[in-house]
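Notes to accompany the following structure.
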Amino acid sequence: MSREDYENLINGIQDTPYTEDRSFGFVPETTEQDSLSGNLVFRTATTIPDINESTQEIEPVEQKRTDLIPFEIDYERGILVVYANKEDTRKLTTRLSSLADWGLTIEPLSLNLTPLYQNLSSGTYSTSITGLRIQDFSINEHTNGSYHLKVFEEQEGERLLEEYETNVSYITVEFEVREEPVTVGFYDSGSVRFYSKTAEDDELFEHIKNMIVETEVA
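In structure tokens form, the structure reads like this:
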């Protein structure tokens, strides 16, 4: 993305604020030269059963629900970070893509797990693989399929990742952060999930983003 495209995108977000008069809009939180964080806010109508006090009968009642999709645009790294599930991520990318008159293509970032783990393990933190999902994994000569394996022996996860590299779709990695274990899941589809929380999560996530970009560029 060029600097001009980035600035047009930021302007589009700022020109599409969420208000009570519209079903969706953006609420920026921080705007800097090379990054923007904020929320896509959208309102949907849902119908729920409720008791009519005058008739004492159950009737459908329409309620409006407001949801937030937090996101961060990182121009320097060239990535969009979405703190949401796949469905909400699609909603956000669709809205962002429509902000520019010429259209904006946002490509999903797949993760190549083997080189990514090599970068993660050679960085700032001590790491170990504690689980993997392997497709076409043979547990014996008669049975094979897709399995989620929990790894307990030292270096066993690294060995399995190297052996089944192209068939591994998910790994859990334990980072040692200031003598505290933090478990993070990495999906080859591009998702990253924190399974534990510490005061240093922001610092660790910055490191993870750097390693993801470094892996993709290499």
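When you read off a place in the sequence shown, starting at 1, and then add 600, the result is the number in our numbering.
Even for Gly, the Cβ is constructed at its ideal location relative to N, Cα and C.
Of the residues the options, the one placed nearest residue i, counting alpha carbons only
i           : options            : result
residue 675 : 608, 745, 754      : 608
residue 660 : 666, 652, 690      : 652
residue 791 : 815, 777, 686      : 686
residue 712 : 767, 744, 697      : 767
residue 611 : 623, 706, 622, 635 : 635
residue 664 : 678, 641, 671      : 641
residue 709 : 798, 789, 627      : 789
residue 725 : 692, 683, 782      : 782
Segment limits, alpha helix (DSSP H) that includes residue i
i           : result
residue 614 : 603-614
residue 757 : 756-763
residue 687 : 686-697
Per DSSP, cross-strand counterpart(s) of residue i
i           : result
residue 664 : 645
residue 635 : 674
residue 808 : The partner list for residue 808 (beta bridge, DSSP) is empty, contrary to what the question assumes.
residue 752 : For residue 752, which the question treats as bridged, DSSP gives no partner whatsoever.
residue 733 : 748, 770
residue 630 : 637
residue 658 : 651
residue 625 : 641
residue 738 : 744
Endpoints, beta strand (DSSP E) assigned at residue i
i           : result
residue 711 : From DSSP, residue 711 is part of no beta strand (DSSP E); its letter is neither H nor E.
residue 724 : From DSSP, residue 724 is part of no beta strand (DSSP E); its letter is neither H nor E.
Given 8 Å, three or more beta-carbon pairs between the stretch 728-738 and the stretch 758-774 = yes
Could you tell me whether the stretch 666-681 touches the stretch 805-817, where touching means 3 or more Cβ pairs closer than 8 Å?
-> yes
Check whether the stretch 749-769 touches the stretch 690-700, taking contact to mean three or more Cβ pairs, one atom from each stretch, closer than 8 Å.
-> no
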